[in-house]
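Which chain is which? The protein sequence lines are A and B, in order.
Position one of the first sequence corresponds to residue 13 (our numbering), numbered consecutively onward.
Position one of the second sequence corresponds to residue 65 (our numbering), numbered consecutively onward.
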Amino acid sequence: MSDVYILGIDMTPFGRYPDRTFAQLGGEAALMALDDCGLSPLDVQIMYCGTVFGAYEMSGQAIMREIGQTGVPVTNVVNACASGASAFREAWLAVKSGAYDVALAVGVEKTPRGMLGGGGETGIPLEGLFGSASMPAVFAESGTQHAAKYGTTFEQFAKVSVKNHHHSTMNPKSFYQMETPLEQVMGAEMIAYPNTKLMCSVNVDGAAAAVLVSEKKARELGLSRAIRVRASALQSDPWNPTNPMMPDVNSVTRMAAKSAYEQAGLGPKDVNLVELHDCFATAELLHYENLGLCAEGMAGPFIDEGATALGGKIPVNVSGGLLSKGHPLGATGIANMYEVSLHLRQEAGARQVQGAKIGLTHVVGLGTASAVHVLEKA
Amino acid sequence: METPQAAKSHIKFDADGKPYIEAQRCRACGAMLAEPHLACPACASRKGFDAIRAKETGRLIAYSIVKRSYPGIQTPFVSAMVELDDGLALKANLVGAGFEPEGFAPNMKVRLRFNDALGRKDKEGRAYVGYEFQPAVN
Numbered sequence: 013m014s015d016v017y018i019l020g021i022d023m024t025p026f027g028r029y030p031d032r033t034f035a036q037l038g039g040e041a042a043l044m045a046l047d048d049c050g051l052s053p054l055d056v057q058i059m060y061c062g063t064v065f066g067a068y069e070m071s072g073q074a075i076m077r078e079i080g081q082t083g084v085p086v087t088n089v090v091n092a093c094a095s096g097a098s099a100f101r102e103a104w105l106a107v108k109s110g111a112y113d114v115a116l117a118v119g120v121e122k123t124p125r126g127m128l129g130g131g132g133e134t135g136i137p138l139e140g141l142f143g144s145a146s147m148p149a150v151f152a153e154s155g156t157q158h159a160a161k162y163g164t165t166f167e168q169f170a171k172v173s174v175k176n177h178h179h180s181t182m183n184p185k186s187f188y189q190m191e192t193p194l195e196q197v198m199g200a201e202m203i204a205y206p207n208t209k210l211m212c213s214v215n216v217d218g219a220a221a222a223v224l225v226s227e228k229k230a231r232e233l234g235l236s237r238a239i240r241v242r243a244s245a246l247q248s249d250p251w252n253p254t255n256p257m258m259p260d261v262n263s264v265t266r267m268a269a270k271s272a273y274e275q276a277g278l279g280p281k282d283v284n285l286v287e288l289h290d291c292f293a294t295a296e297l298l299h300y301e302n303l304g305l306c307a308e309g310m311a312g313p314f315i316d317e318g319a320t321a322l323g324g325k326i327p328v329n330v331s332g333g334l335l336s337k338g339h340p341l342g343a344t345g346i347a348n349m350y351e352v353s354l355h356l357r358q359e360a361g362a363r364q365v366q367g368a369k370i371g372l373t374h375v376v377g378l379g380t381a382s383a384v385h386v387l388e389k390a
Numbered sequence: 065m066e067t068p069q070a071a072k073s074h075i076k077f078d079a080d081g082k083p084y085i086e087a088q089r090c091r092a093c094g095a096m097l098a099e100p101h102l103a104c105p106a107c108a109s110r111k112g113f114d115a116i117r118a119k120e121t122g123r124l125i126a127y128s129i130v131k132r133s134y135p136g137i138q139t140p141f142v143s144a145m146v147e148l149d150d151g152l153a154l155k156a157n158l159v160g161a162g163f164e165p166e167g168f169a170p171n172m173k174v175r176l177r178f179n180d181a182l183g184r185k186d187k188e189g190r191a192y193v194g195y196e197f198q199p200a201v202n
C-alpha cells in the first residue's frame, strides 16, 4: 500500500476563547491547515472531527457550515484525550485504504475549568471516601507506583515542569510562556502529592487540523513540505488487575509504541524528537520508559541529565507540552503532530531541534486509549 | 435501626449483618475482579465467576496525598491503591499513616477496615457502609 502524507497542518494559539464556538475554533484551524498546503474546502473528500465536550453538538458538521457545506462524509470522534489523534487516524485509514485522496482531520476543544475526572456516582459522593478519582490524584498514583519501584523522586517529577515551561518560552502559540524554576514548581500549591499545581496541565481552548493526502495527490501537488506518516497506531487498555480503579496508561502506551515502531521499521534511537502526553508531570517520566526512550527504571536519571531538554539526546515536548502549551483535550493529538511537523520542515524557529528527520507523537485518553504516530519529512 | 446500604456493589453483608468484600474469580484463569462481567476481561472465557470472600490484608502499590479535590470534598486525605493478598486490587482512603510522603513505604502492609462512609447520607437520609485501609500492625 502507498504512503499517506500530511500536506497541510496548523493550530490556533491555545488559550481561553469564551466568546468563540467549537465550530469557529475548529473551522479556523481547518482553514489554516488547508491554506498551509494551498487546498480549498472544496478539495476535501472526507472529514473527521475529534472533540470531547463538542461531540454531542456534532461539531464536525458545524465546522463544515463555517468553511463550506460540501456534503462530504463527516464523523465525530470521541476518545477522551486521544480524540484528536483518533480522528487523525480515521482520516489516515480513509486515505490509506485507497477510498479517498484528500481527508481533513480537525481536533477542537473548549475545556471546562477546574479539575476533571470523577463522575458516575450514585447515592453518596465517593470522592474522598474511596480515594480520589480526580485526574491530578490518579496520575500522582501512577507516579508513586513508579517511585516505589525505582526510587523516582518528587524533584525528578518536578523537573519535567521546569523543562516544559522553559520550552514554551520559545513557542508563541503556547498558553503559558514563562520560566518556572524548580523551587517555584516544587513550592506551588500541592494538589495531589507529588503533583503541584505547576505539574498539572492547563485546561484551555483551541483547535488543530491536518490535511492528509494520498501519495498520488502528494506527488501531484509537490512534496517539498509534505510529511510522510510512517506509522499510525491506536490501542485500548489490556487487562491489568488494578484497572480500572487505577487506569493503566503504561501497558496501552507500550502496545501502541510497539505497533508504531514495527510499522515504521525503526526504533526509539532513530527518533529525533517526541511530543508525548504530559498531562501531569508524573506521566512524562513514565512515558520515557513506555516509549523506549530510556531503559526501564531510568526515567529519573534521564531527566536529571537533561536528555529530554532542547539540545539534549532526545528532546521531549519542545512545544511546552500539555503542561505549558495547554491541553484542549480533543485538539491535543493533532497539535502534537503540528509541532513535530514544524521541526521536520525546519520551521520551528528558536526551539528548532537541529536536523530533525523523524518525530514521534503520543497521547493517552483515559478510559483508556493510546495513539502513537511516527512522522518523517518526505 | 435500618440496615446500612453498601457504598460499592462489591460490599456484601453476611447472615450476621457483618460486611465483607465479595470478589469475582474467573473460573478459567483465576483473575480476581471487583465486579462481574459478561466474560472475563483477562481471558475472555464465558465460564463465569465464583463469588468469594476477599482477603482483608494486602500491600500498598500506589498512593497520592490529596490536598485539593472537588468543591465540597474535605481534604487532606490519602488515596491508595492496594493489592489484597488474594490478588484483588481496590482503591480507598488510607488512614492513620499521616500526610507526609515518609509515611508511605513501598509495598507497606495494610489492612482493610469497614467504616460508616464518613457519615455520608443519601437524599433519603440512608446511612452507608464503606471501607478504608490502615497500616497493618505487625
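Ideal Cβ positions, reconstructed from N, Cα and C, are used throughout, including at glycine.
Here the structure is a predicted model, which means the values were calculated and not measured.
- At least 9 Å separates the CB of residue 124/A from every CB of chain B.
- About 5 Å separates the beta carbon of residue 112/A from that of residue 58/A, a gap short enough to meet the 8 Å contact definition.
- Counting every other CB atom within 10 Å of its CB across the protein chains shown gives residue 306/A a total of 16 or more, marking it as buried.
- Per the coordinates, the alpha-carbon of residue 129/B lies some 40 Å from the alpha-carbon of residue 60/A.
- Taking residue 200/A as the centre and dropping the five residues before and after it, the same chain places the C-beta of 208, 209, 210 closer than 7 Å to its C-beta, in chain order.
- Here DSSP, grouped into helix, strand and coil, assigns residue 77/A to helix.
- Residue 153/A reaches chain B at 125, 126, 127, 128, 143, 144, 145, 155, counting residues in chain order whose Cβ is nearer than 9 Å.
- The region 305-346 of chain A contains, as complete alpha helix (DSSP H) runs of 4+ residues, the segments 311-316, 333-336 (chain order).
- Under the Cβ criterion of 9 Å, residue 176/B is not counted among the residues facing chain A.
- Per DSSP, reduced to three states, the secondary structure at residue 99/B is coil, with no helix or strand assignment.
- The criterion of a C-beta distance shorter than 9 Å is not satisfied by residue 178/A and residue 294/A.
- Using a 10 angstroms sphere on the CB of residue 309/A, the tally of other CB atoms stays under 16, which defines it as exposed.
- Between residue 343/A and residue 234/A, the C-beta spacing is not below 9 Å.
- Exposure of residue 190/A is indicated by the presence of fewer than 16 other C-beta atoms within 10 angstroms of its C-beta.
- With contacts defined as CB atoms closer than 9 Å, residue 67/A and residue 89/A qualify as a contacting pair.
- Between residue 168/B and chain A, the shortest Cβ-Cβ separation is below 9 Å.
- Near chain A, meaning a CB-to-CB distance below 8 Å, the residues of the region 178-193 of chain B are 181, 182, 184, 185, 186, 190, 192.
- Using a CB distance cut-off of 9 Å, residue 26/A does not count as an interface residue toward chain B.
- Runs of the beta strand (DSSP E) spanning 3 or more residues and lying entirely within the region 104-155 of chain B occur at 113-117, 121-130, 141-148, in chain order.
- Nearest C-alpha to residue 123/B among 176/B, 186/B, 67/B, 187/B: 176/B.
- About 7 Å separates the beta carbons of residue 135/A and residue 192/B, which is inside the 8 Å limit, making them a contact pair.
- Cβ contact annotation for residue 132/B (same chain, cutoff 8 Å, sequence separation greater than five): 139, in chain order.
- Shown here, residue 274/A sits in a helix according to DSSP, grouped into three states.
- Contact annotation, residue 280/A with residue 304/A: C-beta distance approximately 4 Å; criterion of less than 8 Å satisfied.
- In the DSSP assignment, residue 58/A forms a beta bridge with 115/A.
- Distance from the CA atom of residue 338/A to the CA atom of residue 83/A, rounded to whole angstroms, is 33 Å.
- Here residue 108/A is buried: its Cβ has 16 or more other Cβ atoms, across all protein chains shown, within 10 Å.
- The alpha-carbon separation between residue 353/A and residue 170/B amounts to approximately 42 Å.
- In this model, residue 185/A and residue 25/A are separated by some 4 Å (Cα to Cα).
- For residue 139/B, at least one C-beta of chain A is nearer than 9 Å to its own C-beta.
- Between residue 102/B and chain A, the shortest Cβ-Cβ separation is not below 9 Å.
- Following the DSSP letters along the chain, one finds residue 302/A inside the alpha helix (DSSP H) bounded by residues 293-302.
- When the five nearest sequence neighbours on each side are left out, the beta carbons in the same chain lying within less than 6 Å of the beta carbon of residue 332/A are those of 176, 179, 180, 183, 186, in order along the chain.
- Around residue 118/B, no beta-carbon contact reaches into chain A at under 9 Å, the shortest distance being about 13 Å.
- For the alpha helix (DSSP H) assignment, the uninterrupted runs of no fewer than 4 residues enclosed by the region 145-169 of chain A are, from N- to C-terminal side, 147-162.
- With contacts defined by Cβ atoms closer than 9 Å, residue 348/A and residue 375/A form a contacting pair.
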